[in-house]
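K.L.:
Numbering (the numbering used here), first residue to last: 1 to 229.
Now the structure itself:
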């Protein structure tokens, strides 16, 4: 961690740990409850994709837990081992959520397009930004200030990515609940469980966004104090 202050880092870490704990508890609970209609994660995704004109999207099983994602570039939905074959409410909810992302891509959902465009800059900015700023603090004069400012600019792309991810994820979850209810894949208390699972998962994105914003403000505060010297 560059010499820019550890408080935002520890706040962000704390938020992330709390979010992960909530996700873990929620998924553990609803992974033990089978869906009444008997759908697995795979069969849920396949039915919802086919019913929404997305039969061309293939579904693959991948290693890991909660490694589920939809790749619009490849037209592939990847479901983790804990989702693919499981008939639990949690698995069905996750599969429906990923289908929501596929439908976003089909519909040209604007926030999703912005997020995709920011992915590469955000990956670079999240790694390079803090270290450029940290290096700038170690240097005197205009070169040091310039590096700090460049670092902030780089990191800003990561902050924007985390922020735009929120409406994308919330919208995918909203679509998922509607799909599950309309198709009858889940009903009644099962839908309540699905909402809890997806809300818990959304907390991880909220925590990441808050942590990035805190660190960004810390960077700008340091740059401001450096400029006044």
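Backbone N, C-alpha and C fix where the C-beta goes; we use that ideal spot for every residue, glycine too.
So, is residue 61 buried or exposed, given that buried needs 16 or more other C-beta atoms within 10 angstroms?
P.N.:
Result: exposed.
K.L.:
CA-CA distance, residue 224 and residue 152?
P.N.:
About 11 Å.
K.L.:
Strictly by DSSP, which residues pair up with residue 148?
P.N.:
DSSP lists no partner for residue 148.
K.L.:
Give a yes or no on whether the C-beta atoms belonging to residue 88 and residue 35 are separated by under 8 Å.
P.N.:
Yes, these two residues count as a Cβ contact at 8 Å.
K.L.:
With DSSP run on the structure shown, which of helix, strand or coil describes residue 175?
P.N.:
Residue state, collapsed to three classes: helix.
K.L.:
Out of 21, 49, 207, state which residue places its alpha-carbon closest to the alpha-carbon of residue 175.
P.N.:
Nearest of 21, 49, 207 to residue 175, Cα basis: 49.
K.L.:
Out of curiosity, what's the CA-to-CA distance linking residue 1 and residue 10?
P.N.:
Bear in mind that a pLDDT of 44 at residue 1, under 50, signals an unreliable position, so the number given afterwards is only what the model happens to contain. Computed Cα separation, rounded: 11 Å.
K.L.:
Mind the definition here: the segment 73–84 touches the segment 36–45 only if three or more C-beta pairs lie below 8 Å; say whether that holds.
P.N.:
Touching, per the Cβ criterion.
K.L.:
I'd like the list of long-range same chain contacts for residue 195, defined as Cβ closer than 7 Å, with 5 residues on each side in sequence excluded.
P.N.:
Contacts found: 177.
K.L.:
For residue 113 and residue 52, what's the separation of their Cα atoms in angstroms?
P.N.:
Computed Cα separation, rounded: 20 Å.
K.L.:
Looking at the unbroken alpha helix (DSSP H) that takes in residue 92, where does it start and where does it end?
P.N.:
Segment 89–107, the alpha helix (DSSP H) holding residue 92.
K.L.:
Kindly examine the ligand ADP and report whether one of its heavy atoms sits closer than 7 Å to the Cβ of residue 140.
P.N.:
This structure does not include the ligand ADP; it has no bound ligands of any sort.
K.L.:
Keeping to the same chain, check which residues put their C-beta closer than 8 Å to that of residue 3; ignore five residues upstream and five downstream.
P.N.:
In this prediction, residue 3 scores a pLDDT of 45, lower than 50, which makes its location untrustworthy; no coordinate-derived value is stated.
K.L.:
Give the range of the beta strand (DSSP E) segment to which residue 126 is assigned.
P.N.:
No beta strand (DSSP E) contains residue 126, which is instead part of the alpha helix (DSSP H) from 110–138.
K.L.:
Considering only the alpha carbon of each residue, which of 166, 94, 150 lies closest to residue 193?
P.N.:
Per the Cα distances, 94.
K.L.:
Just to confirm, are residue 209 and residue 158 a CB contact at a threshold of 8 Å?
P.N.:
No. Outside cutoff.
K.L.:
Per the DSSP calculation, residue 70 is bridged to which residue(s)?
P.N.:
Residue 70 is bridged to 77.
K.L.:
I need the straight-line Cα distance from residue 68 to residue 58, nearest angstrom please.
P.N.:
When rounded, the distance between both Cα atoms is 13 Å.
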